[in-house]
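First to last, the sequence lines map onto chains X and U. Residue 1 is where the first sequence starts when you use the working numbering, and the numbers rise one by one after that. Residue 1 is where the second sequence starts when you use the working numbering, and the numbers rise one by one after that. Comments concern the structure below.
Protein chains: 2
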Amino acid sequence: MKVAEIGEFGLIGRLAKMAQHAGNKYAEDKHQEAWKHLIVGIGDDAAAYFANNEIQLATVDSMVQDVHFSFSYMSWRELGWKSLAVNLSDIAAMGGFPRYALISLGLPGSTQVEDIIELYRGMFDIAGKFGTMVVGGDTVNAPVVFISVTLIGSAGEKKRGILRRAAAKVGDKIAVTNYLGSSAAGLEMLGKGLKFKPKFAKELRQAHLMPNPRVAEGQLLVEKGVKCGMDISDGLIGDLTHICQESKVGARINIDLVPVSLGVKECFGDKSLELALTGGEDYELLFTASTAVMNKVKKVIHCPVTVIGEIIEEKAGKVSLVDGDGRLINSKRTGWDHFKVVSTF
Amino acid sequence: MKVAEIGEFGLIGRLAKMAQHAGNKYAEDKHQEAWKHLIVGIGDDAAAYFANNEIQLATVDSMVQDVHFSFSYMSWRELGWKSLAVNLSDIAAMGGFPRYALISLGLPGSTQVEDIIELYRGMFDIAGKFGTMVVGGDTVNAPVVFISVTLIGSAGEKKRGILRRAAAKVGDKIAVTNYLGSSAAGLEMLGKGLKFKPKFAKELRQAHLMPNPRVAEGQLLVEKGVKCGMDISDGLIGDLTHICQESKVGARINIDLVPVSLGVKECFGDKSLELALTGGEDYELLFTASTAVMNKVKKVIHCPVTVIGEIIEEKAGKVSLVDGDGRLINSKRTGWDHFKVVSTF
Numbered sequence: 001m002k003v004a005e006i007g008e009f010g011l012i013g014r015l016a017k018m019a020q021h022a023g024n025k026y027a028e029d030k031h032q033e034a035w036k037h038l039i040v041g042i043g044d045d046a047a048a049y050f051a052n053n054e055i056q057l058a059t060v061d062s063m064v065q066d067v068h069f070s071f072s073y074m075s076w077r078e079l080g081w082k083s084l085a086v087n088l089s090d091i092a093a094m095g096g097f098p099r100y101a102l103i104s105l106g107l108p109g110s111t112q113v114e115d116i117i118e119l120y121r122g123m124f125d126i127a128g129k130f131g132t133m134v135v136g137g138d139t140v141n142a143p144v145v146f147i148s149v150t151l152i153g154s155a156g157e158k159k160r161g162i163l164r165r166a167a168a169k170v171g172d173k174i175a176v177t178n179y180l181g182s183s184a185a186g187l188e189m190l191g192k193g194l195k196f197k198p199k200f201a202k203e204l205r206q207a208h209l210m211p212n213p214r215v216a217e218g219q220l221l222v223e224k225g226v227k228c229g230m231d232i233s234d235g236l237i238g239d240l241t242h243i244c245q246e247s248k249v250g251a252r253i254n255i256d257l258v259p260v261s262l263g264v265k266e267c268f269g270d271k272s273l274e275l276a277l278t279g280g281e282d283y284e285l286l287f288t289a290s291t292a293v294m295n296k297v298k299k300v301i302h303c304p305v306t307v308i309g310e311i312i313e314e315k316a317g318k319v320s321l322v323d324g325d326g327r328l329i330n331s332k333r334t335g336w337d338h339f340k341v342v343s344t345f
Numbered sequence: 001m002k003v004a005e006i007g008e009f010g011l012i013g014r015l016a017k018m019a020q021h022a023g024n025k026y027a028e029d030k031h032q033e034a035w036k037h038l039i040v041g042i043g044d045d046a047a048a049y050f051a052n053n054e055i056q057l058a059t060v061d062s063m064v065q066d067v068h069f070s071f072s073y074m075s076w077r078e079l080g081w082k083s084l085a086v087n088l089s090d091i092a093a094m095g096g097f098p099r100y101a102l103i104s105l106g107l108p109g110s111t112q113v114e115d116i117i118e119l120y121r122g123m124f125d126i127a128g129k130f131g132t133m134v135v136g137g138d139t140v141n142a143p144v145v146f147i148s149v150t151l152i153g154s155a156g157e158k159k160r161g162i163l164r165r166a167a168a169k170v171g172d173k174i175a176v177t178n179y180l181g182s183s184a185a186g187l188e189m190l191g192k193g194l195k196f197k198p199k200f201a202k203e204l205r206q207a208h209l210m211p212n213p214r215v216a217e218g219q220l221l222v223e224k225g226v227k228c229g230m231d232i233s234d235g236l237i238g239d240l241t242h243i244c245q246e247s248k249v250g251a252r253i254n255i256d257l258v259p260v261s262l263g264v265k266e267c268f269g270d271k272s273l274e275l276a277l278t279g280g281e282d283y284e285l286l287f288t289a290s291t292a293v294m295n296k297v298k299k300v301i302h303c304p305v306t307v308i309g310e311i312i313e314e315k316a317g318k319v320s321l322v323d324g325d326g327r328l329i330n331s332k333r334t335g336w337d338h339f340k341v342v343s344t345f
């Protein structure tokens, strides 16, 4: 069977089972240090493990030319920004403090050195904003540009805790930071060369090419007692499905409550809700908590926090959509699968 | 200017300066946690930093199809082994304990799922030998197969120490573990379809496709007081040049002392010394220490340790070769530069 047939998530599922099996063998050995110190393995936004009672986080994300981005609409500097931003967002999704980045860069030999320097400028721009240092990596020859960024972070002492996907509880409210849909709208605009009012065009472009990871917000969530959260990279519905699968619960969302960006509404009208629900790459935080904790969170976070639904007792991973009157809405789309959506095969 | 013109090391030099500059800005901020905890940034086999007084190590290395390997001679399982082995070797080169691997895998959608499972089998084979766990990663669509492995390790408490490239001292002896040249000879054999006696063919194939990183040996070096070491990935002369540049010293090697594998001598005759000096990818350890420390090391390490020269006061980075009679030998080759050697441009 081909990867294109089982898709990215099907493949990850198979590989996670293999890793689980290998890990189980380690568990039998009391001297196995890696196993003893591991907190979270495959299946969350980042891996987590102890180093001398300090929780460490590690994540990696790759971007491939003409799969995840195109130089037809993206500058090298923007690529540098975004490649680190998506990893900062994974550390934010665990409620952690980003620290060290390792950059693995694949390049054709014909690439201009000045372009690579621009790429690194973009990375240093965002690294500086989030107290992150580039401490290593490698540079290799490749037929297309690819950039794999590994980001290592800290989540403080054991008692502080982290945000997990597997921690949603029945009765929890579901909330998101800020507004959704701008990044997917930006991709649509850039990819198809659509023209909008400069103000909106700028907003959508920025959302897709230079997203702002919610690092401070993720830290505040942990401090206020939130246990369950992740970042929205595959789309609201797809990512909420991940939370529900890992937590073995269901979820119900009121689509009338989903906060859609004004720019997306203005530019995409009827399509804007779909972009917000399934578009992906918003890099906002999606989290669940009791109403009491939600109220505490809203008081300290500087961006809007909107409750859009609740965690319910249901088949694990089932996400239902209802409208303001409680009527069920049918939606088969479950987010962005690189292997299915991308047309380069 | 193109990357192919300045080469991999030229590019890394430029980028390291940018990172240094960005780091200097951090140094002015006393609350900058990443800066405060950093021990080693760009320019060694792995980055090193403190997490609650425990030294942590992190490294990344990528392999790209038809640049670093070809499926015409390498199986998926061997690729899995080697992709982790080269990173284990970087942790060995710091004298550390490997712990957690993150795998970023680029694949065409037409790739068979069974092949990817074989790849992971190869990874789990070697991970199990070295107490390492696969704890995360991502899988992305790409026009060719690439695999970026990030490996995180520990180097224990602060007082234990690590192996550095920048720690060679004038008067130190230079030594290598085991024998050199087999991996480059293996690549030559596989790439050109050369035929040798089965015993030697197997040895060379194994050396190139399934190298054994010197993890236990690196740990023993640190325990016996060695301060300066790295692994041989770019070739003996190229890597010794790195040590000399970072340590601001020179080196003199007696080529008659360089331990060349018997299989390489048998199969490549006159060319075998060149393969041992500049071939690369041996993943043996290259280190420097006083004669007293060398003697301690030889007593505890299970593989051969051969002293091949000494660190001298010279222009930083200058490596001279002499023969058994002390006569100077001219060699302009300085190791393997991916951007120069690879013929796919």
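Where is the CB? At the ideal position from N, CA and C, for every residue including glycine.
>> If we require 4 or more residues per run, which alpha helix (DSSP H) segments fall completely within the region 200-256 of chain U?
In response: 215-223 and 236-247
> Beta-carbon of THR241 of chain U versus every beta-carbon of chain X: anything under 8 angstroms?
Replying inline: As a position in the second sequence, residue 241 of chain U is number 241, starting the count at 1. Closer than 8 angstroms: no.
> Which residues in the same chain as LYS25 of chain U place their Cβ atom closer than 7 angstroms to its Cβ, once the five residues preceding and following it in sequence are excluded?
Replying inline: The sequence position of residue 25 of chain U within the second sequence is 25, counting from 1. None.
>> Taking 8 angstroms as the threshold (beta carbon to beta carbon), is VAL67 of chain X in contact with chain U?
In response: The residue you call residue 67 of chain X lines up with position 67 of the first sequence. So yes, VAL67 of chain X belongs to the interface.
> Can you tell me where the alpha helix (DSSP H) with ASP125 of chain X in it begins and where it stops?
Replying inline: Within the first sequence, the letter at position 125 stands for residue 125 of chain X. It spans 113-129 - the alpha helix (DSSP H) in which ASP125 of chain X sits, taken as one unbroken run.
> Are the region 299-315 of chain U and the region 268-275 of chain U touching by the rule of at least three beta carbon pairs closer than 8 angstroms?
Replying inline: no
> Taking the alpha carbon of GLU114 of chain U as the point to measure from, which residue in X:SER110, X:PHE69 and X:GLY10 has its own alpha carbon closest?
Replying inline: The count along the second sequence starts at 1 and reaches residue 114 of chain U at position 114. Looking at the Cα atoms, X:GLY10 is the closest of the given residues.
> Contact check, ILE147 of chain X vs ILE117 of chain X under 8 angstroms by CB: the rounded distance?
Replying inline: Residue 147 of chain X sits at position 147 when you count from the first residue of the first sequence. Residue 117 of chain X sits at position 117 when you count from the first residue of the first sequence. Approximately 14 angstroms separates the beta-carbon atoms of ILE147 of chain X and ILE117 of chain X; this is outside 8 angstroms, ruling out the contact.
> Which of helix, strand or coil does DSSP assign to LYS315 of chain X?
Replying inline: Within the first sequence, numbered from 1, the residue matching residue 315 of chain X stands at position 315. Here LYS315 of chain X sits in coil by DSSP.
> Which residue's Cα is closest to the Cα of GLY153 of chain U: U:MET189, U:LEU257, U:ALA93 and U:LYS224?
Replying inline: Counted from its first residue, the second sequence places residue 153 of chain U at position 153. Considering only alpha carbons, the answer is U:ALA93.
> What residues in the region 200-230 of chain X have a beta carbon less than 8 angstroms from any beta carbon of chain U?
Replying inline: none
>> Under 8 angstroms: do the region 278-286 of chain X and the region 167-176 of chain X share three or more Cβ pairs, one atom per stretch?
In response: Yes: at least three Cβ pairs fall under 8 angstroms.
>> Could you tell me which whole alpha helix (DSSP H) segments of length 4 or greater appear in the region 7-83 of chain X?
In response: 33-37
>> Please classify GLY218 of chain X as buried or exposed, where buried requires at least 16 other C-beta atoms within 10 Å of its C-beta.
In response: The residue given as residue 218 of chain X occupies position 218 in the first sequence. Classification for GLY218 of chain X: buried.
> Comparing the CB of LEU15 of chain U with every heavy atom of the ligand SAM, is any distance shorter than 7 angstroms?
Replying inline: Only the bare structure without any ligand can be found here, which leaves the ligand SAM out of the picture.
> What whole-angstrom Cβ distance do VAL64 of chain U and GLY106 of chain X have, given they're in contact under 8 angstroms?
Replying inline: For the purposes of this step, residue 64 of chain U is taken as residue 64 along the second sequence, with counting starting at 1. For the purposes of this step, residue 106 of chain X is taken as residue 106 along the first sequence, with counting starting at 1. That pair is a contact at about 6 angstroms.
> What residues in the region 140-155 of chain U have a beta carbon less than 8 angstroms from any beta carbon of chain X?
Replying inline: Cβ proximity to chain X below 8 angstroms picks out VAL140, ASN141, ALA142, PRO143, VAL144, PHE146, SER148, THR150, ILE152 and SER154 from the region 140-155 of chain U.
> In the structure shown, what three-state DSSP assignment does ALA101 of chain X receive?
Replying inline: The residue given as residue 101 of chain X occupies position 101 in the first sequence. Note: ALA101 of chain X maps to strand in three-state DSSP.
>> In the DSSP assignment, the beta strand (DSSP E) including GLY137 of chain U goes from what residue to what residue?
In response: The count along the second sequence starts at 1 and reaches residue 137 of chain U at position 137. Residues 133-141.
>> So if DSSP puts SER148 of chain U in a beta bridge, which residue, or which two residues, is it bridged to?
In response: For the purposes of this step, residue 148 of chain U is identified with residue 148 of the second sequence, where counting begins at 1. For SER148 of chain U, which the question treats as bridged, DSSP gives the partners U:SER62 and U:SER104.
> Under a three-way DSSP split, which group does GLU310 of chain U fall into?
Replying inline: What you label residue 310 of chain U is simply residue 310 of the second sequence in a count that begins at 1. Strand.
> Taking the alpha-carbon positions, what's the LEU328 of chain U to ILE255 of chain U distance?
Replying inline: Residue 328 of chain U sits at position 328 when you count from the first residue of the second sequence. Residue 255 of chain U sits at position 255 when you count from the first residue of the second sequence. The straight-line gap from Cα to Cα measures roughly 10 angstroms.
>> Just to confirm my understanding: we take GLN32 of chain U, look at its own chain, exclude 5 residues before and 5 after, and list those with CB closer than 8 angstroms. What are they?
In response: Your numbering for residue 32 of chain U matches position 32 in the second sequence. Hits under 8 angstroms: TYR26.
> Is the CB-CB distance between LEU209 of chain U and SER182 of chain U below 8 angstroms?
Replying inline: For the purposes of this step, residue 209 of chain U is identified with residue 209 of the second sequence, where counting begins at 1. For the purposes of this step, residue 182 of chain U is identified with residue 182 of the second sequence, where counting begins at 1. Cβ distance not < 8 angstroms, so LEU209 of chain U and SER182 of chain U don't count as in contact.
> Taking the C-alpha atoms as reference points, what is the distance between VAL305 of chain X and LEU88 of chain X?
Replying inline: Looking up residue 305 of chain X in the first sequence gives position 305. Looking up residue 88 of chain X in the first sequence gives position 88. Going by the C-alpha atoms only, they are around 20 angstroms apart.
> In chain U, which residues lie less than 8 angstroms from ASN53 of chain X when you measure between Cβ atoms?
Replying inline: Working through the first sequence from its first residue, we reach residue 53 of chain X at position 53. Correct list: ASN52.
>> Tell me which residues of the region 9-40 of chain X have at least one Cβ-Cβ distance to chain U shorter than 9 angstroms, keeping chain order.
In response: GLY10, LEU11, ILE12, ARG14, LEU15, MET18, ALA19, HIS21, ALA22, GLY23, LYS25, TYR26, ASP29, HIS31, GLN32, GLU33, ALA34, TRP35, HIS37, LEU38 and VAL40
> Hey, is ALA93 of chain U's beta-carbon within less than 8 angstroms of any beta-carbon in chain X?
Replying inline: Reading the second sequence from its first residue, position 93 is the one you call residue 93 of chain U. Taking Cβ atoms only, chain X never reaches closer than 8 angstroms to ALA93 of chain U, which makes this a no.
> Interface residues of chain X around SER110 of chain U at Cβ under 9 angstroms?
Replying inline: For this step, residue 110 of chain U is matched to residue 110 along the second sequence. The answer, in chain order, is LYS2, VAL3, ALA4 and PHE345.
> Shorter than 8 angstroms from the beta carbon of ASP61 of chain U to some beta carbon of chain X?
Replying inline: Taking the first residue of the second sequence as position 1, residue 61 of chain U is located at position 61. Answer yes: the Cβ-Cβ gap between ASP61 of chain U and chain X drops below 8 angstroms somewhere.
> Tell me which same chain residues have a C-beta within less than 7 angstroms of the C-beta of ALA127 of chain U, skipping the five on either side of it?
Replying inline: The residue given as residue 127 of chain U occupies position 127 in the second sequence. So the qualifying residues of the chain are LEU84, ALA101, MET133 and VAL134.
> Using a C-beta cutoff of 8 angstroms, does ILE42 of chain U count as contacting chain X?
Replying inline: Along the second sequence, one-based indexing puts residue 42 of chain U at 42. ILE42 of chain U counts as touching chain X.
>> Using a Cβ-Cβ distance cut-off of 8 angstroms, determine whether ASP282 of chain X contacts chain U.
In response: For the purposes of this step, residue 282 of chain X is taken as residue 282 along the first sequence, with counting starting at 1. So no, ASP282 of chain X is outside the interface.
> Which chain X residues are close to TYR120 of chain U, counting only those with a beta carbon under 7 angstroms from its beta carbon?
Replying inline: Taking the first residue of the second sequence as position 1, residue 120 of chain U is located at position 120. Chain X residues near TYR120 of chain U: LEU15 and MET18.
> In terms of alpha-carbon separation, which member of X:SER261, X:ASP323 and X:GLY229 lies closest to SER290 of chain X?
Replying inline: Along the first sequence, read from residue 1 onward, the residue named residue 290 of chain X stands at position 290. Ranking the options by Cα distance to SER290 of chain X, first place goes to X:GLY229.
>> By the three-class DSSP mapping on this structure, what secondary structure does GLY156 of chain X have?
In response: Taking the first sequence and counting its residues from 1, one reaches residue 156 of chain X at position 156. Secondary structure at GLY156 of chain X: strand, using DSSP grouped into helix, strand and coil.
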